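Undergrad:
4 protein chains.
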Amino acid sequence: MGAVKNKRMPRAVREQQMLDAAVRTFGQRGYRAASMDEIAELAGVSKPLVYLYLNSKEDLFTACIRREAEALTTAVREGVNPELPADRQLWEGLRAFFTHTARNPDAWAVLHLQARTHGEPFAAEVAAMREEMVAFVTGLILVAAREARRDPSLPEREVAGLAEALVGAAEALAAWANTTPGLTARQAAATLMNFAWSGLGNLMDGHPWTPPADTAPA
Amino acid sequence: MGAVKNKRMPRAVREQQMLDAAVRTFGQRGYRAASMDEIAELAGVSKPLVYLYLNSKEDLFTACIRREAEALTTAVREGVNPELPADRQLWEGLRAFFTHTARNPDAWAVLHLQARTHGEPFAAEVAAMREEMVAFVTGLILVAAREARRDPSLPEREVAGLAEALVGAAEALAAWANTTPGLTARQAAATLMNFAWSGLGNLMDGHPWTPPADTAPA
Amino acid sequence: MGAVKNKRMPRAVREQQMLDAAVRTFGQRGYRAASMDEIAELAGVSKPLVYLYLNSKEDLFTACIRREAEALTTAVREGVNPELPADRQLWEGLRAFFTHTARNPDAWAVLHLQARTHGEPFAAEVAAMREEMVAFVTGLILVAAREARRDPSLPEREVAGLAEALVGAAEALAAWANTTPGLTARQAAATLMNFAWSGLGNLMDGHPWTPPADTAPA
Amino acid sequence: MGAVKNKRMPRAVREQQMLDAAVRTFGQRGYRAASMDEIAELAGVSKPLVYLYLNSKEDLFTACIRREAEALTTAVREGVNPELPADRQLWEGLRAFFTHTARNPDAWAVLHLQARTHGEPFAAEVAAMREEMVAFVTGLILVAAREARRDPSLPEREVAGLAEALVGAAEALAAWANTTPGLTARQAAATLMNFAWSGLGNLMDGHPWTPPADTAPA
DNA sequence: TATGAATGAGCATTCATTCAT
DNA sequence: CATGAATGAATGCTCATTCAT
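Chains as they are written, first to last, in the UniProt record's numbering: chain U, 1 to 218; chain G, 1 to 218; chain V, 1 to 218; chain X, 1 to 218.
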């Protein structure tokens, strides 16, 4: 376990080894519980070298978040064919998302749990990634609305909320899929498409669910 | 800020003060970053008294989780009128959920972020609460299917997945609502009802979204 | 276990219960590891009452030492008939000593181990008791010498050393007897009499063991 | 006093400095009363370094016991010429013992008082050393019996008891010698030889002290 | 006579971080 | 490029002791 202790390798390679070790440790132990000692040892490197390359624990954590956020968005982007209709694009994006998170559970734990739990600077880092995904979904919703040429006047905040909800549901299903044995990325994606797209379709047909008039204010 | 430093109060009262301080501190700083010193000070009490009443940091955290999980499920349960049809019950439950989480942001941070991020024992504690909510939603979906007397044969795992997705979406919207100024619990609930219930309705009409035949394996 | 929690009992009785609990706790846990909480609980009393009656942990420990030292010396004194010849007196004293220590292992642990290990004031307390025993033995040696009317001019320091050695041997045998199953006080006393008295007799016959002339200084 | 604060020395050296400081502190204050802070300061090192090298207070204490037990047994072993007759061997062993304990009073306090007073794991450590010494003495007694070709049939437990008594007497005399000014190791050894060897000789001549028939049971 | 409530002070332990080589 | 040696600063936890009743 851990990288083979090869001496004298180029900086770029060493850095990736360190990030690998860090992602694994942060993902399993959590940000605070992970010690630089453990990370250095798992990377097969002395602690000062970690500091030489990555400056501080905060910087190291940030570097992990950036690398893994980039990897996830790239995986989703590359999984989607932008020529296809909106529902197919969403389907492909979800499949890529569930596949990637299932294959990189520690990375997903870092992004979904640890980064959001340990203070502003880290949370902001994932928030950026999340916004990219929400924007992607928002775009698809608007495209779908245009394709259907019906009711193009969905209020902006409403669309934003729908996208938020969809991304949140996807995140929840990723965790659910990771802990439910025998559940494939494909099945998770299908469940979510059923849940969301059908609802959205109905919605855009002009038949939204109507909240009842209220007596007691919330 | 902080409780008035009244000396000599009965144990039950002090304990609640301590839990208040702990929820606030854990919610804002995180489990590891919160120090028992800070919690004690915020509670207006000396550290030994916290230990005398709550034994350890772990026990204190667990007590926080339990109290807030109980408070949240109670709020939702009491917000729902079980005589109403399924869609109205879900609507009321969501409203109660968004209202409670908006009013107790630290408690929600403890339940949604901190408890899930810091190890099995705590995660298990919230998992129980989550399962109660998922079960509640699952029940509503089945009732709705029966009420519609259509396609009563939804596969069990499918329903479970839908419920997971709905709860996940609700959790995401709770965070979104907490950070979007001027967004009411009512609006958040309506967005989610639109998103989900319309989709479910469509689904149960026998028009699910159909995944395309695949070429590349996932 | 522990005293029955009878309310409102006279001070003298309560004090003895506290000392019982303290001796047991100090003997088993050691002075520092024993907590006033544990002692109070074992005595079936609240902590402030222990302080009211016995002032402080130090005073409580000192009271234990005094009570048990007194009990041990009394047991030895009452076991010895001063009319008998010296060897019979020593035999009886040793039997009483081994019997008492075997019956009160916690008390013996307090006197022999704990009191000597935790600082001057306590060590001084047992030293007094020890000196009484050494004096008793010294007296017997001198009486024996007079009875034998031989070589009455044993140098004082020599006699003191012999008495120290005998008491030390007795203490070691007490520990040994306490941990060797099936070894009676009588057997322990016989072993020591054999060892010591025969040696002393020989010595006083004018046949001491002669140290060889030395080349290397110590 | 205390090591000169030379920075950057090899681990093995620092470890010995730490053990020196620990033996001194444990010997004078006792195990519980000794604080890691004090030990670190006396060693001229920061506390974390002590933990880095010696893991914990328990491990540090155990390391002290091991080192000093080894040093004492080595001193005795090297002080004895196994070619000599039994009485000479005992004489030399005792001289080495008293010399070593007089020169290393803190180490002797650690072994004789502290280690036996603070729980099983430590007591077991010294018990091993003590057994080695008892075995050494037991061997000498048996050799002496064979050399004298008299009464070779001493019962095993009897011999064990005699050896225990002799070692106990030696331990008592070591403490006595340490607190009696002007008393040399040589004198202490001579006193004990007189006490013990003469007694043993007598015993093996077939003139043991005979316990009187008993009326009252013990 | 007796106690529930409360604390100041200290202690073992850990960790991120740096220097000298 | 790489590391063994070293530390300042916290942090969780415990304990003897006291006050108000």
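Every residue, glycine too, gets a C-beta built ideally from N, C-alpha and C.
None of the values given here were measured: they were computed from a predicted structure.
Do U:L54 and U:M18 have their beta-carbon atoms positioned less than 8 Å apart in this structure?
TA: Against a cut-off of 8 Å, the Cβ pair of U:L54 and U:M18 comes out as a contact.
Undergrad: With a threshold of 8 Å between beta-carbons, can G:A128 be considered close to chain U, or not?
TA: Cβ-Cβ to chain U under 8 Å: no for G:A128.
Undergrad: Beta-carbon separation of U:M36 and U:V50 under 8 Å?
TA: Result yes, Cβ atoms of U:M36 and U:V50 sit closer than 8 Å.
Undergrad: Where do the ends of the alpha helix (DSSP H) carrying G:L84 lie?
TA: Per DSSP, G:L84 belongs to no alpha helix (DSSP H) and is neither H nor E.
Undergrad: Exposed or buried, G:N194, counting other C-beta atoms within 10 Å across all chains shown (16 or more means buried)?
TA: Burial call: buried.
Undergrad: Indicate the three-state DSSP secondary structure (helix, strand or coil) for G:M9 in the structure shown.
TA: Here G:M9 sits in coil by DSSP.
Undergrad: On the CB-based measure, 16 or more other CB atoms within 10 Å of its CB, does G:L60 come out buried or exposed?
TA: When all chains shown are included, G:L60 counts as buried.
Undergrad: Measuring straight from C-alpha to C-alpha, what distance separates U:A107 and X:W108?
TA: Taking the straight line from one Cα to the other gives about 56 Å.
Undergrad: So, helix, strand or coil for X:T180, using DSSP?
TA: Three-state result, X:T180: coil.
Undergrad: Rounded to a whole number of angstroms, what is the C-alpha to C-alpha distance between V:P217 and X:V76?
TA: Any reading at V:P217 is ruled out, since the residue's pLDDT is 45, under 50, leaving its predicted position unreliable.
Undergrad: Using the Cα positions of U:P48 and U:R66, report the straight-line distance between them to the nearest angstrom.
TA: Roughly 22 Å between the two C-alpha positions.
Undergrad: At a cut of 8 Å, does the region 183-194 of chain U reach the region 84-96 of chain U through at least three beta carbon pairs?
TA: Flag = yes, the region 183-194 of chain U and the region 84-96 of chain U touch.
Undergrad: Count the other C-beta atoms from every protein chain shown that fall within 10 angstroms of the C-beta of X:M1, then say buried if there are 16 or more, exposed otherwise.
TA: Its pLDDT being 40, under 50, X:M1 is placed unreliably by the model, and the measurement read from it follows with that caveat. That one is exposed.
Undergrad: Under a three-way DSSP split, which group does U:S35 fall into?
TA: U:S35: coil per DSSP, three-state reduction.
Undergrad: Please report the distance separating the alpha-carbon of U:E78 from that of G:V80.
TA: Distance between the alpha carbons of U:E78 and G:V80 is about 44 Å.
Undergrad: Could you run through the region 104-115 of chain G and flag, in chain order, every residue whose CB is less than 7 Å away from some CB of chain U?
TA: Within the region 104-115 of chain G, the qualifying residues are L113, Q114.
Undergrad: Report buried or exposed for G:E156, applying the criterion of at least 16 other Cβ atoms within 10 angstroms of its Cβ.
TA: Exposed is the call here.
Undergrad: What three-state label does DSSP hand U:V110 in the structure shown?
TA: Looking at U:V110 - three-state DSSP - the assignment turns out to be helix.
Undergrad: Relative to the C-alpha of G:A160, which candidate in U:H112, U:L183, U:A22 has its C-alpha closest?
TA: Of the candidates U:H112, U:L183, U:A22, the one whose C-alpha sits nearest the C-alpha of G:A160 is U:L183.
Undergrad: If you draw a straight line from the C-alpha of U:T158 to the C-alpha of G:D87, how long is it?
TA: According to the sequence shown, residue 158 of chain U is Glu rather than Thr. About 20 Å.
Undergrad: So with CB distances below 9 Å, who are the chain G contacts of U:V167?
TA: A169, A172, listed in chain order.
Undergrad: Cutting at 7 Å between CB atoms, please list the residues of its own chain near residue 223 of chain X, excluding the five before and the five after it.
TA: This structure cannot speak to residue 223 of chain X, because chain X is shown only from 1 to 218.
Undergrad: Does the distance from the CB of V:A170 to the CB of V:L140 come in under 8 Å?
TA: In this structure, V:L140 does not lie closer than 8 Å to V:A170 by Cβ.
Undergrad: Strictly under 8 Å for the Cβ-Cβ distance: is G:G161 near chain U by that measure?
TA: Taking Cβ atoms only, chain U reaches closer than 8 Å to G:G161, which makes this a yes.
Undergrad: Please classify X:R104: does DSSP put it in a helix, a strand, or coil?
TA: Reading off the sequence shown, one finds Asn at residue 104 of chain X, where the question assumed Arg. Of the three classes helix, strand and coil, the one that applies to X:N104 here is coil, per DSSP.
Undergrad: Do we get a CB-CB distance below 8 Å when we pair X:A218 with the residues of chain V?
TA: Because the pLDDT at X:A218 is just 41, under 50, the model does not fix this residue reliably, and the value given afterwards should be weighed accordingly. X:A218 counts as touching chain V.
Undergrad: Give the C-beta separation of G:Q89 and U:T117 to the nearest angstrom, bearing in mind that I take them to be a contact with Cβ-Cβ under 8 Å.
TA: Contact doesn't hold; Cβ gap of about 32 Å is too wide.
Undergrad: In this structure, does DSSP put U:G168 in helix, strand or coil?
TA: Reduced to three states, the DSSP call for U:G168 is helix.
Undergrad: On a Cα-Cα basis, can you pick out the residue from X:Q16, X:C64, X:N178, X:A128 that is closest to X:R103?
TA: Among X:Q16, X:C64, X:N178, X:A128, the Cα nearest to that of X:R103 belongs to X:N178.
Undergrad: May I ask which residues mark the beginning and end of the alpha helix (DSSP H) holding U:G119?
TA: Note, U:G119: premise wrong, no alpha helix (DSSP H); not H, not E.
Undergrad: When you compare only the Cα positions, how much space is there between U:R38 and V:L166?
TA: The question names Arg, but residue 38 of chain U in the sequence shown is Glu. In a straight line, the C-alpha of U:E38 is about 58 Å away from that of V:L166.
Undergrad: Could you tell me the alpha carbon to alpha carbon distance between U:A43 and U:A127, rounded to whole angstroms?
TA: Between U:A43 and U:A127, the C-alpha separation is close to 28 Å.
Undergrad: Quick one: is X:L84 buried, meaning 16 or more other Cβ sit within 10 Å of its Cβ, or exposed?
TA: The residue is exposed, with fewer than 16 neighbouring Cβ atoms inside 10 Å.
Undergrad: With a threshold of 8 Å between beta carbons, is X:R32 in contact with chain V?
TA: At least one chain V Cβ lies under 8 Å of X:R32.
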